[in-house]
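This report concerns only the one structure given below.
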DNA sequence: TCTGGGGTCCTCATTCCT
DNA sequence: TCTGAGGAATGAGGACCC
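Numbering (the UniProt record's numbering), first residue to last: 1 to 389.
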């Protein structure tokens with residue numbers, strides 16, 4: 001084997017695994033006090049203090065759910081109202097991104113102290129190249145994987161699942177084999193026995209659309225995909241995606257573990273409590289719009305970026321989404337400039353239907369010196385520039 | 001009573017320029 | 001002057017991921 005990679009996933013709130021618990025639904029002011037009760041102590045959540053799913057009314061979705069809750073058919077990305085029908089007795093916890101970031105940093109620090117070549121894949125997932133880690137090859141990588149698991153648990157109280165394989169593609173699939181808190185090792189010779197029986201949907205990069213198209217051709221498993229000739233796949237799915245599917249089915253993936261990356265865009269968006277109309281709810285929409293621009297500007301300034309491409313996204317009440325953007329000559333992170341250009345974009349979309357979502361995005365980023373907290377310009381008063389609609 | 005928020009990457013069409 | 005190829009930049013939309 002040329003290289004070992006592992007993908008690691010945090011399992012949140014493992015101590016609640018016996019109870020049906022879902023996390024999601026956004027964060028309301030009344031959640032703050034509850035969150036304070038368990039901040040920093042994920043093992044000691046006052047479950048009784050939280051709402052039951054059946055009492056929820058709103059537009060949120062589930063961020064994650066315990067295995068006990070999943071038995072009722074609820075899971076990530078499902079609307080909370082639908083989940084409440086399936087499992088009304090489930091406990092609903094509000095999301096707490098500040099806590100997730102804290103634990104995320106902790107768990108990545110632990111890994112970096114053991115294996116320095118790490119790729120960040122979000123709040124609870126990383127790839128690791130431990131080709132050059134001392135002892136990384138012992139027992140096929142199992143010894144090192146165990147050490148990482150134990151170190152993460154000691155530091156955070158959280159469990160994780162680890163997949164070890166010749167490349168990132170297979171390591172990711174392997175990490176799913178043995179959840180939670182498992183270690184799975186897949187060697188090149190295991191492709192036919194362990195990977196080919198899986199549904200194509202298990203490939204990271206095959207989503208619901210690609211799965212449906214594959215099924216339409218009678219292709220369900222990765223093994224069936226592997227049997228299709230490359231030219232046929234390229235004809236059906238395009239040169240690039242077809243070739244990628246073929247490689248994936250044969251377990252080929254040459255992507256390195258990337259330790260550094262620059263952001264491409266930053267955005268803020270919000271779904272309204274109720275659908276808003278550009279004319280009837282003009283003042284409310286204008287205030288939200290201004291606020292989104294200010295928040296993007298603050299994000300850019302805090303992280304030290306400016307961007308040339310400014311855009312908007314909106315979603316109508318029928319769930320159609322449209323985007324518009326415009327590129328300006330000089331990169332900016334100024335809230336008023338973003339507001340002005342985003343306003344021009346807004347003029348280019350039809351506003352005859354009600355809206356459920358509005359977003360503002362800045363792309364084509366370049367690094368600039370970050371603003372320190374005390375040098376940040378004060379946020380402009382909301383409503384001061386209402387009236388673009 | 002459906003369907004969040006914050007991202008990346010890809011494709012395709014259009015326009016402008018050489 | 002006409003036509004066309006090809007590349008870069010831009011803009012819109014969509015698939016996918018955590």
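Every residue gets a Cβ at the ideal spot worked out from N, C-alpha and C, and that includes glycine. Fair warning: this is a prediction, and the values are worked out from it, not measured in the lab.
Simplified DSSP state of residue i, which is helix, strand or coil
{"i": "residue 254", "result": "coil"}
{"i": "residue 132", "result": "coil"}
{"i": "residue 78", "result": "coil"}
{"i": "residue 55", "result": "helix"}
{"i": "residue 101", "result": "helix"}
{"i": "residue 156", "result": "helix"}
{"i": "residue 199", "result": "strand"}
{"i": "residue 70", "result": "helix"}
{"i": "residue 206", "result": "coil"}
{"i": "residue 363", "result": "strand"}
{"i": "residue 247", "result": "helix"}
{"i": "residue 185", "result": "strand"}
{"i": "residue 45", "result": "Bear in mind that the predicted position of residue 45 carries a pLDDT of just 47, short of 50, making it too unreliable to give a figure here."}
{"i": "residue 120", "result": "strand"}
{"i": "residue 19", "result": "coil"}
{"i": "residue 143", "result": "helix"}
{"i": "residue 176", "result": "coil"}
{"i": "residue 163", "result": "strand"}
Nonlocal neighbours in the same chain, by C-beta distance under 7 Å from residue i, ignoring five residues either side
{"i": "residue 295", "result": "268"}
{"i": "residue 151", "result": "110, 114"}
{"i": "residue 250", "result": "226"}
{"i": "residue 73", "result": "86"}
{"i": "residue 264", "result": "363, 365"}
Cut-off 6 Å between Cβ atoms - residues of its own chain near residue i, not counting five sequence neighbours on either side
{"i": "residue 186", "result": "165, 170, 174, 194"}
{"i": "residue 103", "result": "156"}
{"i": "residue 63", "result": "23, 24, 95"}
{"i": "residue 40", "result": "The predicted position of residue 40 is uncertain, since its pLDDT is 49 and thus under 50; a value taken from the coordinates is nonetheless stated next. So no residue of the chain qualifies."}
Close Cβ partners of residue i (< 8 Å) along its chain, the five nearest in sequence each way excluded
{"i": "residue 312", "result": "323, 324, 325, 342, 345, 346, 349, 358, 359, 360, 361"}
{"i": "residue 71", "result": "20"}
Expected contact under 8 Å - CB spacing of residue i and residue j to nearest Å
{"i": "residue 329", "j": "residue 297", "result": "That pair is no contact at about 18 Å."}
{"i": "residue 230", "j": "residue 217", "result": "The pair is not a contact, with the Cβ atoms about 15 Å apart (cut-off 8 Å)."}
{"i": "residue 461", "j": "residue 271", "result": "No statement about residue 461 is possible, as the shown extent of the chain runs from 1 to 389 and does not include it."}
{"i": "residue 308", "j": "residue 337", "result": "With 8 Å as the limit, residue 308 and residue 337 do not qualify as a contact, their Cβ atoms being about 11 Å apart."}
{"i": "residue 333", "j": "residue 368", "result": "7 Å"}
{"i": "residue 196", "j": "residue 223", "result": "3 Å"}
Closer than 8 Å: residue i CB and nearest the ligand FAD heavy atom
{"i": "residue 197", "result": "Questions concerning the ligand FAD fall outside what the structure shown contains, since it holds no ligand whatsoever."}
Using 8 Å as the Cβ pair cut-off and three pairs as the minimum, do the region 335 to 352 and the region 258 to 266 touch? no
Every unbroken alpha helix (DSSP H) inside the region 259 to 327 [4 residues or more]: 282 to 303
Three or more C-beta pairs closer than 8 Å, one from the region 112 to 127 and one from the region 247 to 258: is that the case here? yes
Would you call the region 55 to 62 and the region 79 to 95 touching, i.e. three or more CB-CB distances under 8 Å? yes
Threshold first: 4 residues or longer. Then list the alpha helix (DSSP H) segments lying entirely within the region 323 to 355, N to C. 335 to 346
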